[in-house]
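Encoded as structure tokens, the structure appears first; notes follow it.
Residue numbers (the numbering used here): 1 to 364.
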């Protein structure tokens, strides 16, 4: 489909381009004042790039930068969101709630009886700790979050419905920060785990943080909601892609008209996907950089589209370097001045490198 054609052709083309790209020296990662990461759901790269149902994403990919060999690290969703902020999946291989422990019988802990199940609260270094330690501001913005700092597993719920609203719209499995004990215990959590109302206030007020982790709700992130009060464009594949694309357009347009984007400092918007389609066996388990079919315990999360737009950086760039979610974490850390990379973001011997070509800064 589109610029990639078939998945096999896309992989072959990307391999050729990667050989050329790999022969060139990698530039140093420049310092960034603002990095905004928008995460969508469950679509392979060739379901998005070239798809007329996603004109905004494709326009951004052509105008700015596209990573053509970017991979998720696992299936299902939750391990990928954790990897993006913690540099590891920590053995989590399901979508159970952050508070679940082996054998626990509680809402959101449906897989807890499996023998390989691990505690879903993680006491380990993570991006939030790094940023807090250096006094670098950050926020996670989650559409349909019921209240700031909410510990909710999902919302709305069958027991707490909202008239005319599909459920669930918010799912904590898409909030990787909440898996970390340091975030759970943070007395300022309600200032950092917030909804889209706060996102739009911060944009309008010129108070956006240095790092923003932005997750639309399940109707607007291409995941989908089915059944109770679910609109047709929240359950139909083409409708999901179109509504997700329009949601990205709204967010990106607002950021690009904000003081953070228009000022002299460097700012970047990254659009990526947590994982590829579950029903695509040809690309389901693909990966790179320590995460892939030949890595025990890390089967790879599939080939996904990742676009990087910068206010002072490259235009019309295609980068065929192999990247994954650990590469993006390393890039965020380096761009914000952190040089002790957490978890697998430090695995340079496995090919985890910063996405510097996409973040290069044009000489002023």
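C-beta atoms are modelled at their ideal positions from N, C-alpha and C, and glycine is treated no differently.
| Query | Result |
| --- | --- |
| Boundaries of the alpha helix (DSSP H) in which residue 132 is found, first to last residue | 127-133 |
| CA-to-CA distance, residue 309 to residue 263, given in whole angstroms | 15 Å |
| Check whether residue 42 and residue 222 have beta carbons under 8 Å apart | yes |
| Buried or exposed by the 16-neighbour rule on C-beta atoms within 10 Å, applied to residue 147 | exposed |
| Rounded separation between residue 24 and residue 105 - CA only | The pLDDT assigned to residue 24 is 45, lower than 50, so where the model puts this residue is not dependable, and the model offers no usable value. |
| DSSP-derived helix/strand/coil call for residue 68 | coil |
| The stretch 238-251 touching the stretch 40-54, judged by at least three CB pairs closer than 8 Å | yes |
| Same chain only: Cβ atoms within 7 Å of residue 344, ignoring 5 sequence neighbours per side | 87, 88, 290, 326 and 352 |
| Where the alpha helix (DSSP H) containing residue 261 begins and where it ends | 259-262 |
| Cutoff 6 Å; reference residue 370; Cβ partners in own chain excluding five residues on either side | A query on residue 370 cannot be resolved here, the shown segment of the chain reaching from 1 to 364 and no further. |
| Limits of the unbroken beta strand (DSSP E) element including residue 36 | 34-40 |
| Three-way DSSP call (helix, strand, coil) for residue 356 in this model | helix |
| Endpoints, the beta strand (DSSP E) within which residue 196 is located | Counting along the chain, residue 196 falls outside any beta strand (DSSP E), though it belongs to the alpha helix (DSSP H) covering 196-205. |
| Burial state of residue 348 (16 or more Cβ within 10 Å) | exposed |
| Same chain, Cβ closer than 6 Å to residue 60, neighbours up to 5 away in sequence not counted | 307 and 309 |
| C-beta atoms of residue 211 and residue 136 nearer than 8 Å | yes |
| Contact set for residue 169: own chain, Cβ-Cβ below 6 Å, skip 5 residues either direction | 144, 217 and 218 |
| Status (buried if at least 16 other CB within 10 Å, exposed otherwise) for residue 22 | Because residue 22 carries a pLDDT of 44, less than 50, the predicted location of this residue cannot be relied on, and no value is offered for it. |
| Endpoints, the alpha helix (DSSP H) within which residue 85 is located | 77-86 |
| Simplified DSSP state of residue 57, which is helix, strand or coil | helix |
| Residue of 321, 361 and 362 minimising C-alpha distance to residue 354 | 321 |
| Between the CA atoms of residue 130 and residue 154 - distance to the nearest angstrom | 28 Å |
| Cβ contact (3+ pairs, closer than 8 Å) linking the stretch 196-215 and the stretch 95-114 | no |
| Inter-residue CB distance, residue 63 and residue 257 (contact presumed, cutoff 8 Å) | That belief does not hold up - the Cβ atoms of residue 63 and residue 257 are roughly 16 Å apart, past 8 Å. |
| Residue 112 and residue 95 closer than 8 Å at C-beta | no |
| Distance between residue 33 and residue 361 (C-alpha atoms, nearest Å) | 12 Å |
| Simplified DSSP state of residue 192, which is helix, strand or coil | helix |
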